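Chains as they are written, first to last, in our numbering: chain A, 117 to 394; chain B, 81 to 352.
Rendered as structure tokens:
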């Protein structure tokens with residue numbers, strides 16, 4: 117088949133993804149972001165020349181002060197006891213937090229909340245406050261009220277987990293199929309019955325996965341919550357940081373990394389098994 | 081088809097069910113005992129109950145936080161801007177540092193799988209397992225007090241999550257686009273630019289915005305170890321026992337985070 121004698125247009129401008137007004141907006145937005153970043157470097161007085169010398173300094177610091185890690189220091193009963201404390205603190209905090217966030221997930225989900233005017237915004241506000249305030253701030257506040265010890269740590273982790281899991285739970289509940297819930301309500305079930313028999317079976321597997329993940333995150337936070345006096349390994353860390361015992365700090369950090377790695381592998385394995393049960 | 085061995089009688093079924101019921105009950109009891117034991121060790125034994133005193137004194141001590149120190153408000157504006165900027169710069173630096181980690185950590189594009197893949201995975205875990213407070217301590221020792229240590233700490237802490245999600249997104253891409261570019265004679269860089277990047281860019285931007293939102297909350301506490309921002313004000317108020325001031329700082333952090341949530345909501349809508 118002979119090609120039709122089509123006229124080849126040669127004077128077309130080269131193809132661009134964005135045409136004139138749009139391209140200008142994109143360019144302007146990019147320029148704005150860059151100006152903002154440059155301004156914030158200026159505003160924060162960041163000494164950029166230190167960025168270049170930083171690597172040498174970090175290398176010297178690591179090789180001189182943090183190496184070799186003082187492994188013997190962490191091989192005693194007290195330290196193992198504090199590791200056990202940390203684990204206990206993490207799962208108690210996660211457990212209490214998950215129980216609370218179950219309610220927040222129910223009250224704070226727009227589709228099944230008992231009252232959209234009153235309960236829903238309150239539950240959302242509580243979730244947001246728990247999430248927004250860092251667990252360190254909670255720990256410091258509870259330490260000032262209750263004194264040193266693991267109870268403030270447990271409470272701080274509890275609030276942290278409440279905010280973390282509450283939001284995920286609520287999002288999970290909002291994505292359910294409303295058919296069974298409406299069917300239950302039509303047969304005269306009250307709010308609790310509708311939640312337990314209509315909502316909960318649909319989100320059980322997702323909730324279990326979120327719960328395991330929450331425990332993992334709580335453990336990561338628990339390793340340092342003691343930094344401000346809330347018990348566990350963080351207290352060891354703080355003491356040695358203040359005494360500039362860098363080799364011991366290195367050993368403690370290595371043990372934290374190892375423990376977090378183990379907990380992460382375990383939680384990934386458990387979550388995979390839970391997902392398969394679906 | 082069922083053979084003779086596979087057929088289960090009703091009696092066997094009931095017996096099996098009662099066994100699983102017993103096992104389940106045993107697990108529940110064991111868990112309950114474990115929790116009770118932990119509560120005893122962590123809460124009952126380790127707490128200084130005399131210092132806490134009665135319920136009334138707890139209420140009284142908590143009540144000290146229930147006030148606002150309005151005179152502090154003008155002094156909070158500058159640290160709040162600082163906190164926001166530390167979060168922005170830290171997230172950006174994190175994304176830049178992320179790029180090689182994502183490249184090495186995605187199983188289908190990693191240059192030399194036996195070495196680079198595990199290294200990248202290890203870096204991701206390392207970045208996430210060290211708390212931002214510890215990163216900040218480390219960088220305060222390396223570059224001195226100030227916002228730079230905070231920016232670096234935030235960046236290091238962000239790498240892990242952004243890289244993990246992005247690498248998983250790259251592993252899940254549609255390989256047809258890659259093959260098409262390869263068939264047209266595109267080199268590796270062109271494959272990356274025209275086949276992989278367009279598919280994962282929404283994920284990367286989404287996860288970056290999400291991480292930015294979390295980073296605001298992180299940068300608000302980095303001042304506790306000397307990295308500037310609202311945390312420093314919080315620390316000072318706490319040390320001078322100005323509890324209404326503490327509440328004011330917490331409220332300022334809340335406002336900042338609310339602002340971040342609104343911004344991230346709209347920017348995510350604009351991107352996706």
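For every residue, glycine included, the Cβ atom is placed at its ideal position computed from N, Cα and C.
Just so we're clear, the structure is a prediction, and the values are computed from it rather than from any experiment.
For residue j and residue i, believed in contact at Cβ under 8 Å, the rounded distance
i: residue 227 of chain A; j: residue 290 of chain A; result: 6 Å
i: residue 176 of chain A; j: residue 367 of chain A; result: Not quite, the Cβ-Cβ distance comes to about 19 Å (not below 8 Å), so this is no contact.
i: residue 410 of chain A; j: residue 220 of chain B; result: Outside the displayed span of chain A (117 to 394) sits residue 410 of chain A, for which this structure offers no information.
i: residue 355 of chain A; j: residue 189 of chain A; result: Not really, about 11 Å apart at Cβ, beyond 8 Å.
i: residue 250 of chain A; j: residue 301 of chain B; result: 5 Å
i: residue 88 of chain A; j: residue 200 of chain B; result: Given that chain A is displayed from residue 117 to residue 394, the structure contains no residue 88 of chain A and the question cannot be resolved.
i: residue 343 of chain A; j: residue 353 of chain A; result: 6 Å
Partner residues on chain A for residue i, Cβ-Cβ distance less than 9 Å
i: residue 169 of chain B; result: 153, 156, 157, 160, 162
i: residue 60 of chain B; result: Nothing in the structure corresponds to residue 60 of chain B, since chain B is present only between 81 and 352.
i: residue 253 of chain B; result: By Cβ distance, chain A contributes nothing, its closest Cβ being about 20 Å from residue 253 of chain B, past 9 Å.
Residue i: contacting residues in chain A (beta-carbon distance under 8 Å)
i: residue 118 of chain B; result: 204, 207, 208
i: residue 217 of chain B; result: 357
i: residue 301 of chain B; result: 250, 252, 253
Bounding residues of the alpha helix (DSSP H) (the contiguous stretch that carries residue i)
i: residue 230 of chain A; result: Residue 230 of chain A -> no alpha helix (DSSP H), and no H or E assigned at all.
i: residue 361 of chain A; result: That residue, residue 361 of chain A, is in no alpha helix (DSSP H); it is neither H nor E in DSSP.
i: residue 151 of chain B; result: Premise fails: residue 151 of chain B is in no alpha helix (DSSP H) and is neither H nor E.
i: residue 319 of chain B; result: 310-319
i: residue 269 of chain B; result: 268-271
i: residue 142 of chain A; result: 136-159
i: residue 181 of chain A; result: No alpha helix (DSSP H) holds residue 181 of chain A; DSSP gives it neither H nor E.
i: residue 134 of chain B; result: Per DSSP, residue 134 of chain B belongs to no alpha helix (DSSP H) and is neither H nor E.
i: residue 279 of chain B; result: 277-299
i: residue 258 of chain A; result: 251-262
i: residue 267 of chain A; result: 266-290
i: residue 129 of chain A; result: Per DSSP, residue 129 of chain A belongs to no alpha helix (DSSP H) and is neither H nor E.
i: residue 318 of chain A; result: 316-341
i: residue 217 of chain B; result: 212-223
Chain B contact residues for residue i, given Cβ-Cβ distances below 8 Å
i: residue 221 of chain A; result: Correct list: empty, because the minimum Cβ distance to chain B is about 19 Å.
i: residue 364 of chain A; result: Simply none; closest approach about 14 Å.
i: residue 369 of chain A; result: 210, 214
i: residue 270 of chain A; result: 122, 123
Neighbouring residues, chain A, relative to residue i (Cβ below 7 Å)
i: residue 316 of chain B; result: Going along chain A, no residue has its Cβ under 7 Å from residue 316 of chain B, so there is no contact; the nearest lies around 13 Å.
i: residue 304 of chain B; result: 252
Chain B contact residues for residue i, given Cβ-Cβ distances below 7 Å
i: residue 211 of chain A; result: 115
i: residue 199 of chain A; result: In chain order: nothing, as chain B lies at least about 13 Å away.
i: residue 60 of chain A; result: Residue coverage of chain A in this structure runs from 117 to 394, which leaves residue 60 of chain A outside it and unanswerable.
i: residue 278 of chain A; result: Residues of chain B passing the Cβ test: none, with the nearest at roughly 15 Å.
Closer than 7 Å: residue i CB and nearest the ligand COA heavy atom
i: residue 135 of chain B; result: Of ligands this structure carries none, so the ligand COA is not represented either.
Beta-carbon neighbours of residue i, restricted to chain D and to distances below 7 Å
i: residue 109 of chain B; result: In the structure shown, chain D cannot be found, because the protein chains are A and B.
Neighbouring residues, chain B, relative to residue i (Cβ below 9 Å)
i: residue 380 of chain A; result: 205, 208, 209
i: residue 170 of chain A; result: 219, 222, 223, 228, 232
Worksheet entry | Selection of the stretch 122-144 of chain B by Cβ proximity to chain A, strictly under 8 Å | 122, 123, 126, 127, 128, 131, 132, 138, 141, 142
Item to complete: Give, in chain order, every residue of the stretch 87-106 of chain B whose Cβ lies closer than 7 Å to some Cβ of chain A.
Response: Those would be none; no residue qualifies.
Worksheet item: Below 8 Å, can you find three or more Cβ-Cβ pairs linking the stretch 371-378 of chain A to the stretch 208-215 of chain B?
Response: yes
Item to complete: For the stretch 220-249 of chain B, enumerate the residues whose C-beta is nearer than 9 Å to any C-beta of chain A, in chain order.
Response: Hits within the stretch, in order: 221, 222, 223, 224, 226, 227, 228, 230, 231, 232.
Item to complete: Give, in chain order, every residue of the stretch 293-323 of chain A whose Cβ lies closer than 7 Å to some Cβ of chain B.
Response: none
Practice prompt. Taking only beta carbons into account, state which residues of the stretch 187-207 of chain B come closer than 7 Å to chain A, listed in chain order.
Written response: 205, 206
Discussion item. If the cut-off is 8 Å on Cβ atoms, which residues from the stretch 152-182 of chain B count as contacting chain A, listed in chain order?
Written reply: 161, 162, 165, 166, 168, 169, 172
Fill in: Contact residues within the stretch 266-283 of chain B, judged by C-beta distance below 8 Å to chain A
none
Discussion item. For the stretch 193-212 of chain A against the stretch 291-300 of chain A, do three or more pairs of beta-carbon atoms, one drawn from each stretch, fall closer than 8 Å, so that the two count as touching?
Written reply: no
Discussion item. Assess contact between the stretch 137-150 of chain B and the stretch 316-330 of chain B, defined as three or more Cβ pairs (one per stretch) separated by less than 8 Å. Is contact present?
Written reply: yes
Item to complete: Could you tell me whether the stretch 155-174 of chain B touches the stretch 151-167 of chain A, using the rule of 3 or more Cβ pairs below 8 Å?
Response: As far as the Cβ criterion goes, the stretch 155-174 of chain B touches the stretch 151-167 of chain A, which means the pair count is three or higher.
Fill in: Residues of the stretch 325-351 of chain B whose Cβ lies closer than 7 Å to any Cβ of chain A, in chain order
330, 333, 334, 337
Worksheet item: Going along the chain, which residues of the stretch 234-256 of chain A sit with their C-beta nearer than 7 Å to a C-beta in chain B?
Response: Going along the stretch 234-256 of chain A in chain order, one finds 245, 248, 249, 250, 252, 253, 256 with a Cβ nearer than 7 Å to chain B.
Practice prompt. Specify whether the stretch 231-244 of chain B and the stretch 287-298 of chain B touch according to this definition: at least 3 beta carbon pairs, one from each stretch, less than 8 Å apart.
Written response: yes
Item to complete: Report yes or no: do three or more beta-carbon pairs, one from the stretch 253-271 of chain A and one from the stretch 227-245 of chain A, lie closer than 8 Å?
Response: no
Worksheet item: Taking one C-beta from the stretch 229-236 of chain B and one from the stretch 167-185 of chain B each time, how about it: are there three or more such pairs within less than 8 Å?
Response: yes
Discussion item. Taking contact to mean 3 or more Cβ pairs, one atom from each stretch, closer than 8 Å, check whether the stretch 151-158 of chain B and the stretch 324-344 of chain B are in contact.
Written reply: yes
Worksheet item: Hey, is the stretch 272-279 of chain A in contact with the stretch 327-336 of chain A, meaning 3+ C-beta pairs nearer than 8 Å?
Response: yes
Worksheet item: Are the stretch 248-257 of chain B and the stretch 291-306 of chain B touching, with three or more C-beta to C-beta distances below 8 Å?
Response: no
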